[in-house]
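Scroll down for the structure; my scribbles are underneath it.
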Amino acid sequence: MLAYSIRRLIALIPVLIGMSLIVFGIIRAIPGDPALAILGQKATPEALKQLRHALGLDKPWYTQYFSFITDLLKGDFGTSLRTHAAIRQEIWPHLAATIELSVLAMLIAVVVGVNLGILSAWKQNSVIDVASMVIALVGVSMPVFWLGLMAQWIFSIKLGWLPSIGRENIRDPVTAITNFYIIDTLLAGRIDQFWEIIRHLILPSLALATIPMAIIARMTRSSMLEVLRSDYIRTARAKGQKMFWVVYKHALKNAFIPVLTVIGLQTGLLLGGAILTETIFGWPGIGSYIYDAIQYRDYPVIQSGILLVAFIFVIINLIIDLLYAAFDPRIKYK
Amino acid sequence: MLETVVKPNAPVPGPEEQKEKVDSPFREALRSFKKNKLAIIGTLIILLFIILALLAPLIRPEGYNHQLLADRLKPPSSAHWFGTDDFGRDILTRILYGARISLWVGFVSVVGAIVAGTFLGILAGYYGKTVDMIISRIFDIMLAFPSILLAIAIVAILGPSLQNALIAIATVNVPNFGRLVRSKVLSLKEEEFIVAARAIGMRDARILFYHILPNSLAPIIVQGTLSIATAILDAAALGFLGLGAQPPQPEWGRMLSDSREYITNAPWTVLFPGLAIGLTVLGFNLFGDGMRDALDPRMKK
Amino acid sequence: MAETILTVEDLKKYFPIESGIFKRTVGHVKAVDGVSFEIKKGEAFGLVGESGCGKSTTGRMIMRLIEPTSGRIVFCGKDLTAMDKKALRKTRKDIQMIFQDPFASLDPRYTVERIIEEPMIVHRLGSKAERKKRVRELLEVVGLSSYHAKRYPHQFSGGQRQRIGIARALAVNPKLIIADEPVSALDVSIQAQVINLLQDLQKQFDLTFLFIAHDLSVVHHFSDRVGVMYLGRMVEVAESSELYRNPKHPYTNALLSSVPIPDPDYQYDSEELAGDVPNPIDPPKGCAFHTRCPVAMDICRKTRPELKEVAPGHLTACHLYNN
Amino acid sequence: SSSSNGEQGKKSNSNGNGGNVLIFGRGADATSLDPAIVTDGESFAVTKNIYDTLVEYKGQTTDIEPALAESWDISPDGKTYTFHLRKGVKFHDGTDFNADAVVFNFDRWKNANDENKFAYYPSMFGGFGDKSVIADVKALDDYTVQFTLRTPLAPFLKDLAMSPFAIASPTAIKKYGDKYGQAAAVGTGPFKFKEWKSKDTITLVKNDDYWKKGEPQLDGVIFKVIPDNTARLNALKNGEIDLMDGVNPSDLKDIQGNKDLQIFYRPPMNVGYLGMTVTKKPFDNPLVRQAVNYAVDKKAIIDAFFAGAADPAKNPMPPSISGYNDDVQPYDYNPEKAKELLKKAGFPNGFKTELWAMPNPRPYMPEPSKIAVAIAHNLKDIGIDAEIKTFEWTTYLDKVKKGEAPMYMLGWTGDNGDADNFLYTLLSTDAIGSNNNSFYSNPELDKLLKEAQTLTDENKRNELYKQAQVIIHNDAPWVPLVHSKPALVGKSTIKGFAPHPTGSDRYVGVYFEK
Amino acid sequence: MSTFFYIILNIANSIDNNLNFLYNTPISEFKEINARAKKGGAILSEPILKVQNLKTVFFTDDGQVPAVDGIDFYINEGEILGIVGESGCGKSVTSLSVMGLVSEPGKIVDGKIHFNGEDITHAPERKMRTLRGNEIAMIFQEPMTSLNPVFTIGDQLTEAIRIHRKISKKQAKDRATELLQLAGLPRPKALLDNYPHQLSGGMRQRVMIAMAMACDPKVLIADEPTTALDVTIQKQILNLMKKLNRETGTAIVLITHDLGVVAQMCERVIVMYAGKIVEEGAVRDIFNHPSHPYTKGLLASVPDLRRQTSRLYSIPGNVPKPGSITEGCLFYPRCQEAMAICAQKRPGLVDLKNGHRVRCFLHGEVEEA
Ligand SMILES: Nc1ncnc2c1ncn2[C@@H]1O[C@H](COP(=O)(O)OP(=O)(O)OP(=O)(O)O)[C@@H](O)[C@H]1O
Ligand SMILES: Nc1ncnc2c1ncn2[C@@H]1O[C@H](COP(=O)(O)OP(=O)(O)OP(=O)(O)O)[C@@H](O)[C@H]1O
Ligand SMILES: [Mg+2]
Ligand SMILES: [Mg+2]
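Chains as they are written, first to last, in our numbering: chain A, 66 to 399; chain B, 453 to 753; chain C, 3 to 325; chain D, 637 to 1150; chain E, 432 to 800.
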């Protein structure tokens, strides 16, 4: 399995190189001048020229690409054109923020979605089934940003139950250690702060969880229906097993395999696709970080950011593949 | 040329063979689709929006950009069922015209993605080897990018406009269809009726176009309708970020982002475009689900 | 007897087992491992054996739907293995196939008429009207009515579909028909109909059959000669009645005694074969059957027996008959 | 929201942070805390509180008052400035502020010859090294610095008050090298830099040793990034922040009725305009340009999209700047007249064109695309069919600067409160290619503007600028739209806060009412 | 010896059936009779499983499908009963009905199922659970898919045991090993940790049998247990089942479409056609004197290895879907001996002798009730 993982990782190299080329190409194709973005409206033509030179933007693209790649191989993401800060240091808190949010969202989506799907399949055509599938359908149909806005409006503006933006109480900032604030507050032994972090997480993670939850619920249901029709379920029932265990033990472990794929895909989508939610909830995540960088044509940041997200996505898929083996003994990775 | 067959065997009369309706698989699917209540609701929703979109100029001849700043942000009333926006424009009118945009974007981008995806998918699936390797890797790469970021990047390259948003959405969707078609081609290649076709002595091209493609159609259509739903959402998201349709075009996502500042003062400006998106998307989702149930034999008994 | 229409010589098919992302070949499934036989014109040659022993692979190799790893297939004097694609397509007119699964072997999107017509279109036979006429005739020949022509496969029962498959095979007037388990998926009462139909057609059109089945009684009934396969190899070939009366190979013997006889008074040979069919990836050395053979000898574990004539027209690959 | 306040108060006490920290919500993060190298307002908004400049703007004006320099002498030829520095001032790192520090800072900028780093220095002082107006900066003694200029520079003192010319600790700059501005920011200002969470918060804490006695009264300032205007206002309403900029004009009415909140208007030192590229047909015709001027209903636009927080513009510079010509008669909203002019110009049926709109809000124009829609609607009334086009901000700037847009919306925020910073910078022939995006060129105007640059007599300068404004009015390369008074909203307990026209505010004198 | 015993038992039961006495007897009386019988030491006992007029209907979108249309049968302790019939005639639905496992949209609409004297037709799920796998076990046609692919053999076996027996995991494991051994599987201990996919079809079917035998059921329903297997493996499995039947006395309902298997295994057989029993009786009677034209045709259409016939008999037409024929005898359209009445009326079961019953007007004009 380890050997398999290593081989998979090696096989990733061409994909990553391809990706880096595409990212690089796309970025250079985007019109707009980073120098202008940095210097802004008041820039003089000389200043722009000089800045371009200083940033190495006047070099041929392959030279730029080569130095980008060699730096990357050395584990160096380069420095932001705009802030001159090392991207490696700058990017982590954003990534951590998004990961924290996405993981929680995914957790909600999986727990709720899977159970909803199971219930629907188990009680097929019942009121529960119809209700949860309608919920799931509405869930995938509503624009996230709209849901986010509405949730914000209701729960934090109208009702004032939850904070509307950000990761933490600004007045009582968390001392970042890992940048996962849930962990950091616990490390610091600040239970009050921990709850504050949770309170901040609730709305955005719920908004973010809606779509994957709905998709997972639907996937679980259809996969579950198929499994519940299978011979081995009949066998399990013929043994005299309780329906609950038939469903949650025998059926679920089988039905979960296709759901796993969806979970992997959705997690990847969450990581990169959280931009809208991040904008609405003022979440300092990787999505808004990259989006910002696109606006400022901060090439190194865009390149590294997108590649990093894509890399994580690929890694998640690898993990999912390995998880298959855990769920399905027929799959053997050697 | 053909030698005439002589002695016919005694036909085997079956009891059910007298007067059974001759149903093509398509008709059968239609029949089972018609029985699906949710799917019918979905169809009705879509039809409603299509009709409204078509009739918009008749219903509201004054057009979607009829401004009356004096009438800004009026709540829903008998004159303006959905209220007015910050230009004093009737929101209902804009939603009606907006339906044209959303439906158009959804449909065209998906058709584009299907055409490109099918072409690449067939290349990859049927020719295999290196072609497959290259195409599949490209799909992998495209799928590894967060699609919204990819779409944003494409729009950034081409410039924000409805047409470019459409191209971006289509591009992002290509690998989905490509993969679907590829896997379908691969699995069909192993099907016995394809083997039978080869055994007859059929050429590859004929097998591809007469047998493999028609049999891949059902999942493509299903995926297609469902993709229209997501395409509409994507277009709205791009519009929301200001990367899609440009004002004063009444694109729903753009309407949302343009009025989100009024959410506290004039919630109707946000509520209705959001509902319009949700409802249309819901319609396509219901419709697509119905199609899946009707067309996908796995869901049948 | 009649001339030989098909000769198969030392046919082999090793499927590579690929593993990992780099698709390295880590081994081979020796699906067919040196099979030779010949079929005479007008004859029905039966091929039996347990699941996975390589019957279908053999059949498909003869149609070159699967490329043989090695060996020769001579059909009507022409070497099929050496043919290019174009010539091969032409020859396929003369060799047709009937498949096991009547549900999977018909394209669900086309009407029966179109399905039967298609081979004629492909081989550019007749005008449109002629083809339509012939489709109707063929339908009658296989015992369906011409009003069935406009229907779709899913509207037929298994037996009827199998008839459609047969009509399709007949459409181009083939010389040889490879029937890969044509009746295994059918109900008992329907099975008899199809077997009878095939027998009638054989007489009527002077067809030659390669009849593949795992049901010994069906093969026995249908075929003039029978070949018994075990793990990719031919272990015995003989005339049908000879094989039943006088089986030479212990495997054939076991096979025969395992077939349930619809007679409550029949006394079974209580001996049963031990164990399962070995894995074709890693077949036993020597005689592939020695692991289950009740009379295995030392030599069986070491040397692979050749297929030899032990009585007139009766070949077997067993060390028992070596001297 | 009062309950959540109390709650937060409790919690912050437990953190030892004090309830006396002001949290400022804004739309974007700073790029660096080294003011010399940045150009963006968000960075200056922070550095303004970390650093001091030699001289400072007084109150809400652009008049000058002493800061790190207690007093100064100007030679009669206007070429030598001698500054007497404040004694006993220390940088936040404990090192002394003295003449050497000033010289070090100026030398750093002057001799860098690297516009990548120091953008404002060359643009305000004409270039680096020998090209610079500043010939020499030297320390006469520990607390006296002398500047020698090559030519007189009328707005020199105003320039020195600009944020980029703040004095930073030489020790810290040497110590941190390239990382200065990210890892550290050491000035003499009222607040000390504590922590920066990128794209999130910048935390400043009180400088207990600040030279202005009794200041600052706040224990700290936190700059919090909340990109979305609505979200930011929500945060304010929820008590998560205390003060914010970037208010949607539409929210102002609501805020006015909210007892807990107060609105601060930033005095305008900007102009938002609709530019026409005069090299492009049909805008090469002054009649067309005038027609467009008559067509736009500024008042309606201000009412609808500024909630009144803007003044209609008739000149390219705001009235608060000396030299403003109030006698210029504005082009009133008059579609009939506009149509007439169009007819005269040979376009009785109007024409088709493009109207480019900025993609994101700018201080001088909070909702550019909506204003574009309104303007397009106005233009439609006189027969001009303008399609609205948008690009991303950098692309937009790039293309507009290249003269690709027939009509475009843009604006300008003054840097130092001088008329030159508007008229010359935006409309002189020299500025074509940089900020004269209309490619407007009038030799007569150029002559006036050039001359004004060298005059030290305020009245004479103003006279020239007034003439210039008339010329511009008649040639009408723009439709000057508005001078916006961007609104800031804060808790009503905030006292002593007066937003500055430059856009960077100091939290000196600011306190929370108990 | 045992065969003799069974024959006696059969005859005794047949007599009872003919008297049509037991069917109409309430359970309480039943028990009494039973008690009486025991007291008297007679071998006459009630059948362990008895199905009366069972009717299971599928309420599909295309209308009602009476998959099982009023069938009666019984099985005595230690007996092997064969049920033959072609695909779709309702064999599986019958067995599932007995297990209480008919899935949506199917429903038992009529009839009674007695197990061990108790009416379990509409017993609550809780009650059924205590029977399933414990008193009545079942194995299915497809050894490839009937085991849960993601759990080990050991898991699945011990689960089957521990559902009904309160024993430790360790004990359950020992019992599982024992069961595998009983099923004739090599290396039973190692096998426990294997997953189904690591076993061949024959081995899996043995595991299924072992699982079914886990709690010493009184009745084992085997639904086409060897259809998917090769003949040589089929022989192994059939022999195994016969052995278990002899050793443990478990009654077996053997469902199959293979007449050969019935002939080899069973004492009594039921022939089903389109949801109904068309003929029932001792195997010998039926094979030697088939009375229903369908049974006759069926027997004639199987090629017999022992003789080379030139042509097989074939029943024309197709097996109808249950419910598709609404009038007359279900077999009428294919029947070569059909009479006028056959087209109009539904035949009922006619008793011949020795419990041999047939649903055909040729043997008496008994109409269906
Ligand atoms: N495409 C393939 N790739 C790898 N192995 C294959 C392939 N096709 C067949 N095999 C293997 O070759 C062997 C022979 O297969 P084949 O289908 O010829 O058997 P068969 O005798 O027809 O069996 P059955 O009675 O089940 O149809 C089997 O072990 C099978 O797993
Ligand atoms: N879930 C269901 N919905 C509708 N009809 C069903 C369902 N299950 C079974 N049937 C119908 O019930 C009839 C009897 O089915 P059953 O499975 O009992 O047949 P069988 O005799 O076991 O056949 P086979 O030999 O193919 O297993 C069939 O005609 C089938 O169409
Ligand atoms: Mg086969
Ligand atoms: Mg069955």
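By construction, the Cβ of each residue, glycine as well, lies at the ideal position given by its N, Cα and C atoms. Only a predicted model underlies this, so the values are computations on that prediction, with no experimental measurement involved.
Would E:L578 pass as an interface residue toward chain C - the criterion being a Cβ-Cβ separation below 9 Å? no
Contacts of A:Y127 in chain B (Cβ-Cβ under 9 Å): Neighbours of A:Y127 on chain B: none; closest Cβ ~20 Å, over 9 Å.
With 16 other CB atoms within 10 Å as the buried threshold, where does A:V199 fall? exposed
Contact list for D:G1009 against chain B, beta-carbon separation under 7 Å: For the record, residue 1009 of chain D in the displayed sequence is Val; it is not Gly. Neighbours of D:V1009 on chain B, chain order: F539, P699 and P700.
DSSP state of B:I574 mapped onto helix, strand, coil: helix
Taking 9 Å as the CB-CB cut-off, is A:I242 touching chain E? no
Let me know the secondary structure DSSP gives E:D550 once reduced to three states. strand
Check whether the Cβ of A:Y297 lies closer than 9 Å to any Cβ atom in chain B. no
CA-to-CA distance, B:D686 to B:L595, given in whole angstroms: 16 Å
Would you mind working out which of C:D208, C:L257 and C:L203 sits nearest C:G229, comparing C-alpha positions? C:L257
Leaving out five residues on either side along the sequence, give the residues of the same chain with a beta carbon under 7 Å from the beta carbon of E:L610. L588, A641, M644 and A645
Just by C-beta distance, which residues in the region 600-613 of chain B are closer than 7 Å to chain D? A608, G611 and P612
Anything in the region 622-653 of chain B with a Cβ closer than 7 Å to a Cβ of chain C? List those residues in chain order, please. E643, E644, F645, V647, A648, R650, A651, I652 and G653
Tell me which residue opens and which closes the beta strand (DSSP E) that C:K310 is part of. K310 to A313
Check whether the Cβ atoms of C:V185 and C:Q164 sit closer than 9 Å, and answer yes or no. yes
Please list, in chain order, the residues of the region 168-182 of chain A that have any C-beta partner in chain B closer than 7 Å. none
Per DSSP, what are the beta-bridge partners of A:Q360 in this structure? In DSSP, A:Q360 forms no bridge with anything.
Positions along the region 1012-1025 of chain D whose CB lies within less than 8 Å of some CB in chain B: A1012, H1013, I1024 and K1025
For D:Q898, the three-state DSSP class (helix, strand or coil): strand
What residue range is occupied by the uninterrupted alpha helix (DSSP H) comprising D:A707? Going by the sequence as given, residue 707 of chain D is Ser instead of Ala. Here D:S707 belongs to no alpha helix (DSSP H); instead the beta strand (DSSP E) covers A705 to I710.
Can you say whether A:W226 is buried or exposed, counting buried as having 16 or more other CB atoms within 10 angstroms of its CB? exposed
Same chain only: Cβ atoms within 7 Å of D:Q644, ignoring 5 sequence neighbours per side: Here D:Q644 scores only 38 on pLDDT, less than 50, and its place in the model is too uncertain to base an answer on.
Looking only at its own chain, which residues have a Cβ that is under 6 Å from the Cβ of B:I664, when we skip the five neighbours before and after it? V637 and L640
Kindly indicate which residue of A:A112, A:A216 and A:S167 has the alpha-carbon position closest to the one of A:G333. A:S167
Please tell me whether B:T716 has its Cβ less than 9 Å away from any Cβ of chain D. yes
Taking 8 Å as the line, does the beta carbon of E:Q636 fall inside it for any heavy atom of ligand 4? no
Work out the CA separation of E:A769 and E:F452 for me, nearest whole Å. Bear in mind that the predicted position of E:F452 carries a pLDDT of just 38, short of 50, making it unreliable; the figure below should be weighed with that in mind. Cα to Cα, E:F452 sits roughly 33 Å from E:A769.
Taking 9 Å as the CB-CB cut-off, is B:E514 touching chain D? no
By the criterion of Cβ-Cβ separation under 9 Å, what are the contact partners of A:Q189 in chain E? E535
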